[in-house]
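K.L.:
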Amino acid sequence: MNNGFKNIILSTLCVMMSLVVASCTPSVPENAVDNGKDVTVFPDYTDVYIPYNIAPLNFHIYDSLATDFVSVVEDKSGNRLVAGGEDAQFDEDDWHTMLEANKGGDLTVTVYARIDDQWERFKPFKFHVAEEPIDEYISYRYIEASYKNYNELSICQRNLTNFDESVIISNKYLGGIDASSEYQCMNCHNYQNYHTDNFQFHVRYYLGGTIIVRDGKAEKYSLKTDSTIGAGVYTSFHPTEPIIAYSLSHTVQTFLINEADHKIEVLDTLSDLVIYHIDTNEIQIVQNSFNSFETYPSWSPDGKYLYYSSCYFELEGKDTHYELANHYDRIQYDIIRQAYDAKTRQFGEPDTVFKAKELGKSATHARVSPDGRYLLVSVGDFGNFQLHHLESDLYVKDLQTDSLHPLSKMSAMNRAESYHVWSSNGRWILFSTRREDGTYTRLYIGYFDKDGKDYKAFALPQRDPLYNKKLLKAFNLGEFMVEPVKISQQELADVIRKEAVPAKFYSNYEKKTNK
Amino acid sequence: MKQRQTTVISLVAFAIIAFAYLAVKAQDLFYVVQAQDLFVYDHTHFDLISEQPGWLATYVGSFLTQFAYYPLLGIALFVALLTLLAWLVKWAFRIPAQLSPLALVPSVLVVMFVMGWDYGIFASRHYGNLFSPIVGLICSMLLIGLLNLLKNIWVRYACTLVAYVLLYPVLGVYALLAAVISAGYPMVTEVGLTRRLYAAGMLVLFVIVTNIEVRRLFPCFNDHFSWIAGLPYMDFYKTQEIWIPVYIAGVFLFLLPVIVELSRKASPRAATIVSGIVALTAVILVPIRSFNDSNFRTLVAVEHAYGVGEDDKVLELCVNQEKPIRSVILYRNIELWKHGQLLDKMFQYTWSSDTIHSQNERMNTFISGARVYQQYTFWNFSYRWAVERMVKNKPSYVDLQLMAKDIVYNHEPELADKYLSKLESTLFYKDWASNQRRLLDVSVLHKDSLWLLHNQICVVPQGAIDNTEYCEYMLMKHFTNLYVNTETRAEQSLAAAMVLGNEEVFWQLCLATYKAHSDRALPRHVQEAALLFAFKRQNQSLFEQIQLMVGKDGAVCQQFLRNQDLFARLLSQPTQSDMTTLATLCPGTYWNYYLNESHNMIVYD
């Protein structure tokens, strides 16, 4: 049912419940004894750094012996938030009041458990409230943690200050019940400079095309031309110009027989890089050499550089899939950047900014911080699809000092950290991780301070703290936004059902290619 | 009083006959449809179901479907609700005694619908398929009956509209059915054009209400399907005839008020005879319209047997299938292997497989891949296909079981916990899940027979890859790669080498098996293959050695020698006549498979 409608029902129920249980608000146990133990909560919110405008960090408490719980969040002035039961769910208004009053300070969280009619107190933990806010909105895709098949999926947006979530576009709205109207795959939504008047996403399959929203109006384009290997895949909207960078690729999957933590390897058998000029409807090639694989383009915040991942692999050219599949663990990517002049449409020479291969690693998803100083990447042992590489972690390179270090507090060891983005103020990093169960990708947010230090990340808060445990879908492609998407699903659907406008090939750049 | 007795007797008779019929014909089907469903008390599951109009019928239907875990209980419940439906039809339409048999028609059509299901049950995106139509129809009849109690036409219209506004979101097409019948009823019972125009105006209002409600309340629902929302749907897109009973039921219920009105002018006797004939025709059509494909029946029986842990029944089911589909052949070989009879009996039964009798594309790997891979302890590949099916359809008990088991044996405790927790919150799978949870303890897991088997059969170099797309082909290819040579694996590898006609691998393993079997005779099919391959090499000395190896006086060797000329011709210039002769003289042998059937050995689906 409609989320708004659900929220009305839920809010009404909450008000009614509040009235009914007002007199039953749990009180803080007075004669509790310290048990000296750390409390186990899910999600693991212990000692995390959080923005002052984030939704309540509700958590579930695990203790098989306890029959009741009380959780208390207390600030230095003695103000308290109290929640009862194994699911600690805090009042949204009270939560925000407390966080607002404690910017830059700490909140102490104490959990009490009743065991055999005796209240015990666990060792308290902290919520560290940062002074910097987080962008109010994020968007992401809901998709099954699948291999080849897909079914219903949607691109949703979420207000981070509360639990409101709404659908930007769902394939269920477009597709249907029988195979004559199968569901489309939709992916790679990307916004221009955190604002939603200009954004894009792809639709695959029988209504396929790239939907580009400009100044709030949508249009559908076919980015495949006779001179390119396919339609756009991974995307980066230029921060100021009407230009979008795309990787183009042919992708295959290969399956590992016996590795529990590495069941699948996704390979590009071809991949190139292009930019699309929206105004002139032209595709311009950036890189398309046969033995190099370029992917994951990303503009620097000033728009002067295009960063991407690139791997050189000597191919014999007989059976590319076979060759690559049999050497998948030797496919390693470096991070390259090329200067770009928007006036002349010219790119500079490729410059390797992170030689991951020399370290025996593979680096992908280059993202430069809004202040232009830090390059954030996902580093795994090989390959480019780090979502399936549990060993991948987040690393940051200081572009001023050239120093490189892992975000070891933010990343969990060997839990596939990738698809990261910076908040518009550069203090928060939204990334996907499989740290909870190794398979279902979840969104986490970590604090990155002005000195370049990282801190323990927290899971995207949910009203039901066990939501991630119950959900059989994954989140991916998280993006920050400073405002919600305003164009309606109906408008987007109408455009998706239209014929795509075919893009033209910008041919004077062809001479630079060697294919 | 007599009328009431007659009604009760006819309903009881219907219930008994329906129960007996379904108990004989549909226990496996009920179990499998149940296994493809899922009912758990958590909001993520509710959210999934409540994304479309008619969710209440689906939700209740899904709740009731779980009882078909015990098929007879499910059937009893099903029949009880069908009986209630029949009684409600009679009450709602005020069917007179002489037309009583007509009240049974919707219930019979529901049975006809269910018995007509084909392989589409393995590709259903909808929950509560078994019970949601009955739940929906019961609600419809209840609503029609209550609205019929209202005498004032305007009150009736107003209440119908209010009921529709409130109930369309939860009952979907069933609310629409009730509202249209209720609003249309005066078109039959009332006279005058104006009254009829008012009724038509109501129908327009329903269209408007539906469009508004779908757009406002179900933003992700494709409004093209507003008029069928809540009906069960499966992947029957090329077999629309499966829906015929549903269409007939809809038309029948629309016409029922007219029939009731007309019957008032007919003689009671004639009305009774005609209505009796209509009901009887519906009953007779049930077995005729059922999907009687024997492979389908075998497949659901096999799925049922595996589902309840009665693996012992599978072999008998499979070998009794005359022209099996590939899935049944795969299950047959698995069970022969488990019974230690693989190399003695695997070619006794036909290898030529039938295609899946469905007009819709069906892949054996999609239907059975996860279970087959799991039986061979290929946890990753089994998991992949369970996930693929879950994604294409919806989360279900059977796929959660398969995934949970794969992940438990892969020792991924956090992920296993996710699936096991789901199953532990169900009514009938919690014990199974708790049992699996014990295996999360590594010390218990490492003593488990399946885990030990995995270490014998699924040993590959680190990082080995393969394509899981075609289950049978992948397995054969895997087993003929001689990474290791445990006895269990050698058995599979020999079988695969014979299936693929890979003589090189066969000879390597045959000699090893001969040494291992020095105290007993080689398995029958190994003897047959050894003689044939040796003879094929046209090396007399080798051929004589092999005769000694398999036992020159043995039945296999003697049979080969008797037909030596025939084999020579078949290996050089085979003719149809010689192939027929071979099939007659040596049925159920590896020779017949290799020379006659091997072109059918693997089907890439």
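Protein chains in written order, with our numbering: chain F, 142 to 656; chain G, 3 to 607.
Don't be surprised by glycine CBs; every beta carbon is placed ideally from N, CA and C.
Note that the coordinates shown come from a computational prediction; the quantities given were computed from them, not determined experimentally.
Looking at threonine 482/G and alanine 499/G, is the spacing between their C-beta atoms short of 9 angstroms?
P.N.:
yes
K.L.:
Spell out whether any CB of chain F is found under 9 angstroms from the CB atom of tyrosine 385/G.
P.N.:
yes
K.L.:
Assuming serine 390/F and valine 407/F make a contact with CB atoms under 8 angstroms, what is their CB distance in whole Å?
P.N.:
Serine 390/F to valine 407/F, Cβ: 10 angstroms. No contact.
K.L.:
Measure from the C-beta of alanine 641/F to each C-beta in chain G and report whether the shortest distance is under 9 angstroms.
P.N.:
Interface residue (Cβ-Cβ distance to chain G less than 9 angstroms): alanine 641/F is not classified as such.
K.L.:
Which chain G residues sit within Cβ distance under 7 angstroms of glutamine 630/F?
P.N.:
Pro221
K.L.:
Classify histidine 546/F as helix, strand or coil using the three-state DSSP reduction.
P.N.:
In the displayed model, histidine 546/F falls within a strand according to three-state DSSP.
K.L.:
Does any C-beta atom of chain B lie closer than 9 angstroms to the C-beta of valine 10/G?
P.N.:
In the displayed structure, chain B is absent; the protein chains listed are F and G.
K.L.:
List the residues of chain F that phenylalanine 380/G touches, going by C-beta distances under 9 angstroms, in chain order.
P.N.:
By Cβ distance, chain F contributes Ile398, Asn399.
K.L.:
Determine the burial state of methionine 204/G: buried for a count of at least 16 other Cβ atoms within 10 Å of its Cβ, exposed for fewer.
P.N.:
Looking at its Cβ environment, which holds 16 or more other Cβ atoms inside 10 Å, methionine 204/G is buried.
K.L.:
Would you please verify whether the beta carbon of tyrosine 585/F is less than 9 angstroms from any beta carbon of chain G?
P.N.:
no
K.L.:
Aspartate 226/F versus chain G: which residues are under 8 angstroms apart at the beta carbon?
P.N.:
Just to set this straight, residue 226/F is glycine in the shown sequence, not aspartate. Going along chain G, no residue has its Cβ under 8 angstroms from glycine 226/F, so there is no contact; the nearest lies around 16 angstroms.
K.L.:
Please list, in chain order, the residues of the segment 452 to 486 of chain F that have any C-beta partner in chain G closer than 7 angstroms.
P.N.:
Within the segment 452 to 486 of chain F, those residues whose Cβ lies closer than 7 angstroms to any Cβ of chain G are, in chain order, Ala466, Asp470.
K.L.:
Are the CB atoms of phenylalanine 599/F and proline 184/F nearer to each other than 9 angstroms?
P.N.:
yes
K.L.:
For lysine 627/F, decide whether its Cβ has a neighbour in chain G, counting only Cβ atoms nearer than 9 angstroms.
P.N.:
no
K.L.:
Run through chain G and tell me which residues come within less than 8 angstroms of serine 287/F, C-beta to C-beta.
P.N.:
Contact annotation for serine 287/F against chain G: Val389, Glu390, Val393 [CB-CB distance below 8 angstroms, chain order].
K.L.:
Looking at C-alpha atoms only, which residue of Asp209/F, Lys313/F, Thr461/F is the closest neighbour of aspartate 258/F?
P.N.:
Taking only the C-alpha atoms, the option nearest aspartate 258/F is Asp209/F.
K.L.:
Whose C-beta lies closer than 7 angstroms to the C-beta of valine 162/F among residues of the same chain, with five residues either side of it excluded?
P.N.:
Any reading at valine 162/F must be qualified, since the residue scores a pLDDT of 49, below 50, and its modelled position is unreliable; the value itself is stated next. Hits under 7 angstroms: none found.
K.L.:
Specify, as a first and last residue, the run of the beta strand (DSSP E) that asparagine 194/F falls within.
P.N.:
First-last for asparagine 194/F: undefined, no H or E at that position.
K.L.:
Beta-carbon within less than 6 angstroms of asparagine 328/F's beta-carbon, same chain only, minus the 5 sequence neighbours each way: which residues are those?
P.N.:
His343
K.L.:
When you check each C-beta in the segment 183 to 216 of chain F against every C-beta of chain G, which residues fall closer than 7 angstroms?
P.N.:
none
K.L.:
Chain F partners of isoleucine 467/G, CB-CB under 9 angstroms?
P.N.:
Simply Thr395, Phe396, Leu397, Ile398, Glu406, Ala466, Asn467, Tyr469.
K.L.:
For chain F, is any of its Cβ atoms less than 9 angstroms away from the one on asparagine 224/G?
P.N.:
With 9 angstroms as the cut-off, asparagine 224/G counts as an interface residue toward chain F.
K.L.:
Indicate whether at least one CB of chain F lies closer than 9 angstroms to the CB of tyrosine 595/G.
P.N.:
For tyrosine 595/G, no Cβ of chain F is located within less than 9 angstroms of the residue's own Cβ.
K.L.:
Serine 295/F versus chain G: which residues are under 7 angstroms apart at the beta carbon?
P.N.:
Residues of chain G whose Cβ lies closer than 7 angstroms to the Cβ of serine 295/F are, in chain order, Cys222.
K.L.:
Helix, strand or coil for valine 213/F? Go by DSSP, reduced to three states.
P.N.:
Three-state result, valine 213/F: strand.
K.L.:
Is there a C-beta anywhere in chain G that falls below 9 angstroms from the one on asparagine 292/F?
P.N.:
yes
K.L.:
Report the three-state DSSP secondary structure of aspartate 460/F (helix, strand or coil).
P.N.:
coil
K.L.:
When Cβ atoms are compared, which residues of the segment 395 to 419 of chain G fall closer than 7 angstroms to chain F?
P.N.:
Pro397, Asn412, His413, Glu414, Glu416, Leu417
K.L.:
Which value, in whole angstroms, describes the spacing of the CA atoms of isoleucine 246/G and glycine 118/G?
P.N.:
10 angstroms
K.L.:
Look at the Cβ atom of glycine 524/F, then the Cβ atom of tyrosine 469/F, and state whether they are nearer than 9 angstroms.
P.N.:
For glycine 524/F and tyrosine 469/F, yes; Cβs fall inside 9 angstroms.
K.L.:
Taking glutamate 499/F as the reference, which of Pro380/F, Tyr453/F, Leu240/F, Glu400/F has the closest Cα?
P.N.:
Tyr453/F
K.L.:
Alpha helix (DSSP H) containing lysine 394/G: first to last residue?
P.N.:
Residues 381 to 394.
K.L.:
Applying a beta-carbon distance threshold of less than 8 angstroms, which residues of chain G neighbour valine 308/F?
P.N.:
Listed along the chain, the chain G residues whose CB falls inside 8 angstroms of the CB of valine 308/F are Pro221, Cys222.
K.L.:
Does DSSP classify glutamate 651/F as helix, strand or coil?
P.N.:
Low per-residue confidence applies at glutamate 651/F: pLDDT is 48, beneath 50, and the placement is therefore not dependable, though the value from the model is reported in the following sentence. Of the three classes helix, strand and coil, the one that applies to glutamate 651/F here is helix, per DSSP.
K.L.:
Cutting at 7 angstroms between CB atoms, please list the residues of its own chain near leucine 544/G, excluding the five before and the five after it.
P.N.:
Ala536
K.L.:
What is the DSSP secondary structure of glutamate 423/F, counted as helix, strand or coil?
P.N.:
strand
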